[in-house]
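Asks:
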Amino acid sequence: MKADYEEHDAILIARCMMQIKAKFDTDEGLNFIQQYYINQGLKKFGDDGKDAMDTELRKMLLRDCFTRKFVKDMTASEQKKAQSAMMLLVETQLEKTISAEYRQIFQTTVARGLYVN
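All letters in the sequence shown, in the order written, are residues 42 to 158 by the working numbering.
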């Protein structure tokens, strides 16, 4: 039996699978992650959200994961190969501490089509 999923269904299922695998279970009971799109997350977390985002982006830049480039300076080919990403702020509660973490999710379907031999 083949099941068809919409993209939002697949994301939700993947999150649940990650939570099950990581055993988000504390003395207080099961623990789940709440994710927010970047604008919504910054409103909720304020300076803590900005700090989390800044820390993660600095790590990626220091590790040469990204280079800064303006779209106007890119060729048509480079623009086509550019990765779109979804930036999220994640609220995690482990033990009695609530913290904000930054996550970036890439749209892999674009890259797969461009880099297949």
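Think of the CB as a built atom: it goes at the ideal place given N, C-alpha and C, for glycine as much as any other residue.
Going by DSSP, what residues sit across from Val112 in a beta bridge?
Replies: The partner list for Val112 (beta bridge, DSSP) is empty, contrary to what the question assumes.
Asks: Taking the CB atoms as reference points, tell me whether Gln75 and Glu132 lie closer together than 7 Å.
Replies: Cβ atoms of Gln75 and Glu132: closer than 7 Å.
Asks: Is the separation between the beta-carbon of Leu130 and that of Phe86 shorter than 7 Å?
Replies: In contact: Leu130 and Phe86 (Cβ atoms closer than 7 Å).
Asks: Can you grab the Cα-Cα spacing for the pair Asp92 / Asp114, in whole Å?
Replies: One C-alpha to the other measures close to 29 Å.
Asks: Give a yes or no on whether the C-beta atoms belonging to Gly90 and Leu98 are separated by under 7 Å.
Replies: No; because the gap between Cβ atoms is not below 7 Å, this pair is not in contact.
Asks: Pull up the distance between the alpha-carbon of Met58 and that of Glu48, whole angstroms please.
Replies: Taking the straight line joining both Cα atoms gives about 15 Å.
Asks: Going along the chain, which residues of its own chain have a beta-carbon closer than 8 Å to the beta-carbon of Ile27, five neighbours each way excluded?
Replies: Outside the modelled stretch of the chain, which goes from 42 to 158, sits residue 27, for which no answer is possible.
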